[in-house]
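For the sequence shown, the tail end lands on 93 under my numbering, and the numbers increase by one without skipping.
Positions of the beta carbon are idealized from the N, C-alpha and C atoms, including for glycine.
None of these values were measured; they are calculated from a predicted model.
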Amino acid sequence: MNYDIGDKLEWTIIFILEFGKKYGLTMKQAFNYLSRFKGIDFIDSHYDYVHTQSFASMVDDLAEYCHRHGGALV
Numbered sequence: 020m021n022y023d024i025g026d027k028l029e030w031t032i033i034f035i036l037e038f039g040k041k042y043g044l045t046m047k048q049a050f051n052y053l054s055r056f057k058g059i060d061f062i063d064s065h066y067d068y069v070h071t072q073s074f075a076s077m078v079d080d081l082a083e084y085c086h087r088h089g090g091a092l093v
């Protein structure tokens, strides 16, 4: 399914902010972490699922996903 790029971008930015809040990271740090450990790729590939979940749930799930790809945050 095709999603509006603006909606997808807005959701992703809010997600990055929420992720950063939980782990005490700036937005740039959160983005870099999620990029390095494949979280942004996961969001992009599975947006149809992730945008229907709560931010709190997805922050926890993506932290675990990134951890499996070498990230230290859990």
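Reference residue i; option with closest CA among the options
i      : options                   : result
Ile-33 : Asn-21, Met-20 and Ser-73 : Ser-73
Trp-30 : Val-93, Met-20 and Ile-59 : Ile-59
Val-78 : Phe-38, Asp-67 and Tyr-84 : Phe-38
CB contact below 8 Å: residue i versus chain C
i      : result
Tyr-68 : Judged by its chain identifiers, the structure shown contains no chain C, having just a single protein chain.
C-beta contact flag for residue i and residue j at 8 Å
i      : j      : result
Ile-35 : Met-46 : yes
Leu-81 : Leu-53 : yes
Cys-85 : Phe-50 : no
Tyr-66 : Tyr-22 : yes
Residue environment, residue i, which counts as buried when at least 16 other CB atoms sit within 10 Å
i      : result
Leu-28 : exposed
Val-93 : exposed
Ala-75 : exposed
Start-to-end residues for the alpha helix (DSSP H) that takes in residue i
i      : result
Ala-82 : 74-87
Tyr-22 : Careful: Tyr-22 lies outside any alpha helix (DSSP H) and carries neither H nor E.
Gly-90 : Here Gly-90 belongs to no alpha helix (DSSP H), and DSSP marks it neither H nor E.
Gly-58 : 58-64
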